[in-house]
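Here is the structure we will look at.
Numbering (the working numbering), first residue to last: 18 to 160.
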C-alpha cells in the first residue's frame with residue numbers, strides 16, 4: 018500500500034511539469050507585444066517564476082522519491098513538457114530580446130521592466146532545461 022501511494026505521489030509530481038509551458042503562456046499573454054510590455058509587473062513576475070520553478074522542484078522531488086519505489090513512468094513525459102517550455106522560452110528570447118532593449122531605449126519601458134522580462138525568460142529557460150539535462154547521465158549509465 019505504501020509503495021502504491023508513493024507511486025501516485027510521484028506521478029502527480031511529474032504531472033506538475035505541465036505548469037512549465039503554462040508559465041511561458043502566461044508570460045507571453047501579458048508581454049505579447051512591445052506596447053504591452055509595461056503591463057508585466059512584479060506580481061506577474063512572481064506568478065511566472067512560481068509556475069516555472071515549482072515544476073522543476075517537483076520533478077527533482079519525484080526523482081528523489083522514485084529511488085525508494087523503483088522506476089516510475091512519468092519522468093519521460095515530464096521531460097517532454099519541459100522540452101516544450103525550453104523551445105518556447107528559446108523562441109521568445111531569440112525573438113523578443115532585442116525588442117525589449119529597443120523598447121527601453123525608446124522609453125516605452127523602464128530599465129527595471131526590461132530586467133524583469135529578461136530575468137523571467139532566462140529563469141524559464143533554465144528551469145526547463147535542468148530537468149532534461151539531469152536525465153542524460155542516467156541514460157548513458159544504463160547503456
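Glycine included, C-beta positions come from ideal geometry on N, C-alpha and C.
Mapping the DSSP letters down to three states, classify residue 107 as helix, strand or coil. The answer is helix: DSSP assigns residue 107 an H, G or I state.
Is the Cβ-Cβ distance between residue 124 and residue 41 less than 8 Å? Taking a C-beta distance under 8 Å as the contact criterion, residue 124 and residue 41 do not qualify as a contact pair.
Which residue from 102, 55, 63, 57 puts its Cα closest to that of residue 73? Ranking the options by Cα distance to residue 73, first place goes to 102.
Once you ignore the five residues that flank residue 62 on each side, which residues in its own chain have a CB closer than 7 Å to its CB? Correct list, in chain order: 133, 137.
What do you get for residue 111, buried or exposed, if any count of 16 or more other CB atoms within 10 angstroms of its CB means buried? Residue environment: residue 111 is assigned as exposed (fewer than 16 neighbouring CB atoms within 10 Å of its CB, all protein chains considered).
Using a Cβ-Cβ cut-off of 7 Å (strictly less than) and excluding sequence neighbours within five positions of residue 34, which residues of its own chain qualify? So the qualifying residues of the chain are 72, 76, 95, 98, 99.
Tell me the DSSP secondary structure of residue 32 in three-state form. DSSP places residue 32 in helix when its eight states are reduced to three.
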